[in-house]
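Here's the structure we're looking at; comments come further down.
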Amino acid sequence: MVKVIFVCSGNICRSPTAEGVFRAMVDAAGLSEKIEIDSAGTGSWHEGERSDERSTETALRRGIDLSMIRARQIDQYDYFEFDYILAMDGTNFNNLMRTCPPDHRNKIIMFLEFAPHLKERDVPDPYYGGPQGFDHVLNLIEAASQGLLTEIREKHF
Numbered sequence: 037m038v039k040v041i042f043v044c045s046g047n048i049c050r051s052p053t054a055e056g057v058f059r060a061m062v063d064a065a066g067l068s069e070k071i072e073i074d075s076a077g078t079g080s081w082h083e084g085e086r087s088d089e090r091s092t093e094t095a096l097r098r099g100i101d102l103s104m105i106r107a108r109q110i111d112q113y114d115y116f117e118f119d120y121i122l123a124m125d126g127t128n129f130n131n132l133m134r135t136c137p138p139d140h141r142n143k144i145i146m147f148l149e150f151a152p153h154l155k156e157r158d159v160p161d162p163y164y165g166g167p168q169g170f171d172h173v174l175n176l177i178e179a180a181s182q183g184l185l186t187e188i189r190e191k192h193f
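With the sequence shown counted from 1, adding 36 to any position gets you the working numbering.
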């Protein structure tokens with residue numbers, strides 16, 4: 037079993053969207069029994085809350101259901117449990133590296149490294165922006181998710 041966790045700041049916009057998109061891709065590939073998927077935030081501000089309504093609506097327009105995802109904060113157990121710890125941006129990457137035990141830091145990867153053809157390095161936080169920001173984030177997440185799935189298939193199956 038390969039275990040993947042997506043991490044952003046509050047776990048209500050970017051990381052739950054990535055969880056939903058990647059889960060749909062994994063299901064479509066027939067690998068849901070082989071890949072475990074989760075998401076979390078580096079902060080606890082929204083713990084237990086549903087995904088941001090704008091993220092949910094944007095994802096739903098593309099057939100991705102985020103309704104079952106609830107925000108949670110990453111914890112020390114996650115660093116041991118997950119094989120891929122995917123940071124949405126440099127700030128979250130640095131926060132993860134700061135709190136992760138040294139022996140597990142090699143698991144922390146910038147998510148957009150799986151979409152090297154894109155110019156962006158960070159998945160921008162759409163929380164304070166307009167609807168177009170959520171569409172842009174979803175486009176980035178779809179591209180990187182495809183690259184991630186390709187890597188997991190090549191390395192693990």
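Quick reminder that beta carbons are idealized off the backbone N, C-alpha and C, glycines included. This structure is a prediction, so every number in the text was calculated from the model and none was measured.
- At least 9 angstroms separates the beta-carbon of F150 from that of E178.
- A direct Cα-to-Cα measurement between G165 and L174 gives close to 14 angstroms.
- Rounded to whole angstroms, the Cβ separation of C49 and Y163 is 5 angstroms, and the two are in contact under 8 angstroms.
- K155 has its alpha-carbon roughly 31 angstroms from the corresponding atom of K70.
- Exposed is the label assigned to K191, since fewer than 16 other Cβ atoms lie within 10 Å of its Cβ.
- In the DSSP assignment, the residues bridged to V40 are I73, Y120.
- Per DSSP, reduced to three states, the secondary structure at I188 is helical.
- Boundaries of the alpha helix (DSSP H) around M133: 126-135.
- Within the same chain, Cβ atoms closer than 6 angstroms to the Cβ of R90 are found at F170, the five residues on either side in sequence being excluded.
- With at least 16 other beta carbons inside 10 angstroms of its own, H82 counts as buried.
- Assignment of M61 by DSSP, reduced to helix, strand and coil, places it in the helix class.
- Of the candidates I110, V62, T92, I110 places its Cα closest to the Cα of S80.
- In the DSSP assignment, M146 falls within the unbroken beta strand (DSSP E) covering 144-146.
- When only Cα atoms are considered, N128 and C136 end up about 12 angstroms apart.
- With a contact defined as Cβ atoms closer than 8 angstroms, C44 and M133 miss out at about 15 angstroms.
- Counting along the chain, S103 sits inside no alpha helix (DSSP H), nor does DSSP assign it H or E at all.
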